[in-house]
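**Student:**
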Amino acid sequence: MEANGLGPQGFPELKNDTFLRAAWGEETDYTPVWCMRQAGRYLPEFRETRAAQDFFSTCRSPEACCELTLQALGMEVTMVPGKGPSFPEPLREEQDLERLRDPEVVASELGYVFQAITLTRQRLAGRVPLIGFAGAPWTLMTYMVEGGGSSTMAQAKRWLYQRPQASHQLLRILTDALVPYLVGQVAAGAQAL
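Residue numbers for the sequence shown, in this note's numbering: -14 to 178.
1) Do you know whose CA, among R6, G111, D14 and D81, lies nearest S152's CA?
2) Determine the DSSP secondary structure at G169, reduced to helix, strand or coil.
3) Could I get the ranges of all uninterrupted beta strand (DSSP E) runs contained in the region 54 to 104, with 3 residues as the minimum, in chain order?
4) Please tell me whether L178 and G117 are closer than 7 Å, where the distance is taken between their beta carbons.
5) Do R106 and G(-5) have their CB atoms nearer than 7 Å?
6) With a CB to CB cut of under 6 Å and the five nearest residues on each side skipped, what residues in its chain are close to A7?
7) Grab me the residues of L163's own chain with a C-beta within less than 6 Å of its C-beta, minus the 5 sequence neighbours each way, in chain order.
8) May I have the straight-line CA-CA distance separating T103 from L(-1), to the nearest angstrom?
9) So is A110 buried or exposed if we call it buried at 16+ other beta carbons inside 10 Å?
10) If you draw a straight line from the alpha carbon of A141 to that of V91, how long is it in whole angstroms?
11) For the putative contact between M129 and L76, defined by C-beta atoms under 8 Å, what is the C-beta separation to the nearest angstrom?
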């Protein structure tokens, strides 16, 4: 375990823990800033690596994830250039929830993510902390109902108001999938979420 009692042992000692100390509410010499947006798309190295394989092949390769730093619950997800994640068959009716996988299965199928986290943490060699991530249940729900990104979230809002029980069920399914996924990220080496 790490000094804070969380996460696995065996990683290089963290040399720059300012971000983590600030996250724990400790006083630091300066306020650390973390900025990230769609990591690497503008970098030639990212484009070169991506040219060799499609987006999801990249995500499922621990080596590629490490180098570049969902299939969501059984729904088909495609990456549309310039648009982002797209669900060709979004959720439209309450019975569509039956298409979703059991949330307990999801984390077990995401071993490649955990391998990528471990590999990345090892290769960071303690230079900076590794931050894990997962979309929030509401964010994932909007993508699953809208079929992709939306500035208004009109379909998701309609779903929420017209189908409150199905909305609660979907948010519960997503939460039940996200909790072990995030715990798995910490177990694999993520130092903050």
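All residues carry an ideal CB built from backbone N, CA and C; glycine is no exception.
**Tutor:** The relevant details are as follows:
1) In the sequence shown, the residue the question calls residue 152 occupies position 167. S152 has its Cα closest to that of D81, out of R6, G111, D14 and D81.
2) For the purposes of this step, residue 169 is taken as the residue at position 184 of the sequence shown. G169: helix per DSSP, three-state reduction.
3) 63 to 65 and 69 to 71
4) The residue labelled residue 178 in the question sits at position 193 within the sequence shown. The residue labelled residue 117 in the question sits at position 132 within the sequence shown. Their beta carbons are under 7 Å apart, which means L178 touches G117 by this criterion.
5) Looking up residue 106 in the sequence shown gives position 121. Looking up residue -5 in the sequence shown gives position 10. No.
6) Locating residue 7 in the sequence shown gives position 22, counting from the first residue. Excluding sequence neighbours, A7 sits near T13 and P17.
7) Here residue 163 refers to the residue found at position 178 when the sequence shown is read from its first residue. Around L163: A119.
8) By 1-based counting over the sequence shown, the position of residue 103 is 118. By 1-based counting over the sequence shown, the position of residue -1 is 14. One C-alpha to the other measures close to 14 Å.
9) As a first step, residue 110 is located in the sequence shown; it is residue number 125 there, counting from the start. That one is exposed.
10) Sequence index remark: in the sequence shown, residue 141 carries index 156 (1-based). Sequence index remark: in the sequence shown, residue 91 carries index 106 (1-based). Cα to Cα, A141 sits roughly 23 Å from V91.
11) For this step, residue 129 is matched to residue 144 along the sequence shown. For this step, residue 76 is matched to residue 91 along the sequence shown. Contact holds; Cβ gap of about 5 Å.
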